[in-house]
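If you're matching positions, the sequence shown starts at 218 in this note's numbering and goes up one per residue. Below is one structure, written out as structure tokens; comments come after it.
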Amino acid sequence: MKENDLTKKYEKIIKKRIIEGYYQVGEKIPPLRDLANELNCSRSVINVVIARLAAQGYLRIQKRQKTEVNNFLASGSLNIIKDIIYSDNTELKKLVFQSMLEARKLIEVESVRMACRRCREEDFVTLEEIINKEKELIAEGVTIFDVIAENDFKFHQQIILMSGNVLYRIIINSIRDVYLELTKFFYQKKTNTFAHYVSCHERILLAIKTKNEEEATKILTEILEHGEKLFINLI
Numbered sequence: 218m219k220e221n222d223l224t225k226k227y228e229k230i231i232k233k234r235i236i237e238g239y240y241q242v243g244e245k246i247p248p249l250r251d252l253a254n255e256l257n258c259s260r261s262v263i264n265v266v267i268a269r270l271a272a273q274g275y276l277r278i279q280k281r282q283k284t285e286v287n288n289f290l291a292s293g294s295l296n297i298i299k300d301i302i303y304s305d306n307t308e309l310k311k312l313v314f315q316s317m318l319e320a321r322k323l324i325e326v327e328s329v330r331m332a333c334r335r336c337r338e339e340d341f342v343t344l345e346e347i348i349n350k351e352k353e354l355i356a357e358g359v360t361i362f363d364v365i366a367e368n369d370f371k372f373h374q375q376i377i378l379m380s381g382n383v384l385y386r387i388i389i390n391s392i393r394d395v396y397l398e399l400t401k402f403f404y405q406k407k408t409n410t411f412a413h414y415v416s417c418h419e420r421i422l423l424a425i426k427t428k429n430e431e432e433a434t435k436i437l438t439e440i441l442e443h444g445e446k447l448f449i450n451l452i
């Protein structure tokens, strides 16, 4: 196996141990020599793995080569969200799910407010095209949940794009894969909600067109909170 593949393999193993609490926050991990022996790999591979995990916020390398588990929820990047969601730490996953839903609401509600102020005619056209595609999926009785999730994501992504806030766009794009996976899971369990949400999407579009910030934020908040309650009950 190539060294890069080996590095990814052992990075995944140690990362899993950290996320799932085998190595606790503030605790020193075993000496690198011992880790190399345990995992049956070279010391150079372990050195690279530890450096990568430190860069990601999982570990803190101190003087005299002591390496401790970092408070990765406080010091990590958005990539840590993906790692946690695909882990077996159920309690931590629930915390991340709740945090994601809350952050999404904050970003999207502010985005739709700004969209009412900043949107252009071409933005309406794009949003209408997305909604028309959603309506086609409903009319055709499509139950390919990857497709439904992708179109739902496009609507919310377009609202954020219309806000003009670059950072909001980067954040939502950074968690796109996770967003799609969770949306797909949601619609698999709650298929009958899609038509209702698309109807709300049409109302949001109308509110944006008429620059009715209060109505746009009200409708979007309602559907996000409705979906949040249903989703939390599923996990």
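C-beta: ideal position from N, C-alpha, C; glycine also.
Out of the options, which has the shortest C-alpha to C-alpha gap to residue i?
i      : options                           : result
ILE389 : GLU431, LYS299 and ILE425         : LYS299
GLU339 : LYS310, MET379, GLU244 and PHE314 : MET379
LEU276 : PHE411, LYS310, ARG260 and ILE236 : ILE236
GLY243 : ALA268, VAL286, ASP363 and GLY358 : VAL286
GLN375 : VAL383, LEU344, ARG393 and GLU357 : LEU344
TYR396 : ILE302, LYS350 and ASN409         : ILE302
ASN409 : ILE297, GLY381, ALA356 and LEU290 : ALA356
ILE324 : THR400, GLY381 and ALA253         : GLY381
LYS280 : LYS245, HIS443, LEU354 and TYR240 : LYS245
PHE402 : LYS229, ARG386, THR360 and ALA412 : THR360
GLU445 : LYS283, LYS322, ILE297 and ASN296 : LYS322
LYS225 : LEU295, ALA268 and VAL326         : ALA268
THR400 : LYS350, MET317, THR438 and ILE387 : MET317
LEU451 : ILE365, ALA412, LEU252 and LYS407 : LYS407
LEU354 : SER304, ILE278 and ALA412         : ALA412
Evaluate residue i with the Cβ neighbour count: other Cβ atoms within 10 Å of its Cβ, from every protein chain shown; 16 or more gives buried, anything less gives exposed.
i      : result
ASN368 : buried
VAL342 : exposed
GLU255 : exposed
Once you ignore the five residues that flank residue i on each side, which residues in its own chain have a CB closer than 6 Å to its CB?
i      : result
PHE372 : ILE347 and HIS418
ILE440 : TYR414 and CYS417
GLN405 : PHE362
ASN288 : VAL242
LEU249 : ILE263
ARG234 : TYR240
Excluding five sequence neighbours on each side, which residues of the same chain lie with their C-beta closer than 7 Å to the C-beta of residue i?
i      : result
PRO247 : none
LEU223 : CYS258 and VAL262
ARG420 : ILE436
ILE231 : VAL266 and LEU270
ASN296 : GLN273
Give the DSSP bridge partners of residue i, in chain order.
i      : result
GLU285 : LYS245 and ARG277
Worksheet item: Touching or not, the segment 331-345 and the segment 423-439, by the rule of three or more beta carbon pairs under 8 Å?
Response: Result yes; three or more Cβ-Cβ pairs closer than 8 Å.
Discussion item. Pairs of beta-carbons, one from the segment 431-438 and one from the segment 317-332, closer than 8 Å: are there three or more?
Written reply: The segment 431-438 vs the segment 317-332: in contact.
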